[in-house]
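Colleague:
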Amino acid sequence: MSNAESEKCACPDCVCTVHPDEALTRDGKRYCGTACADGHRDGSGCGHRGCNCHG
Ligand SMILES: [Zn+2]
Ligand SMILES: [Zn+2]
Ligand SMILES: [Zn+2]
Numbered sequence: 002m003s004n005a006e007s008e009k010c011a012c013p014d015c016v017c018t019v020h021p022d023e024a025l026t027r028d029g030k031r032y033c034g035t036a037c038a039d040g041h042r043d044g045s046g047c048g049h050r051g052c053n054c055h056g
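Counting the sequence shown from 1 gives a position; our numbering is that position plus 1.
The structure is reproduced here in structure tokens:
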């Protein structure tokens with residue numbers, strides 16, 4: 002079995018962790034969702050509980 006570990010979302014302000022198999026990959030970085038992957042262009046947060054990232 003591989004010991005895949007969760008890693009932090011590539012968004013600098015995001016405190017979420019993402020599992021490599023479930024992460025949204027953009028430009029070789031892993032994000033917890035499209036909001037982070039798009040750099041919060043529309044100003045919306047990732048929507049995960051306890052996280053206040055807005056880009
Ligand atoms: Zn977040
Ligand atoms: Zn994120
Ligand atoms: Zn974010």
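Where is the CB? At the ideal position from N, CA and C, for every residue including glycine.
The structure presented is a predicted model; accordingly, all values stated were derived computationally and were not measured.
Would the C-beta of residue 22 count as close to ligand 3, meaning under 8 Å from any of its heavy atoms?
Modeller: no
Colleague: Considering only heavy atoms of ligand 2, does any lie closer than 8 Å to the CB of residue 34?
Modeller: yes
Colleague: When the Cβ atoms of the stretch 41-55 are set against those of the stretch 21-31, are three or more pairs found closer than 8 Å?
Modeller: no
Colleague: Pick out every residue whose C-beta is nearer than 5 Å to a heavy atom of ligand 3: which are they, in chain order?
Modeller: 12, 15, 37, 47 and 54
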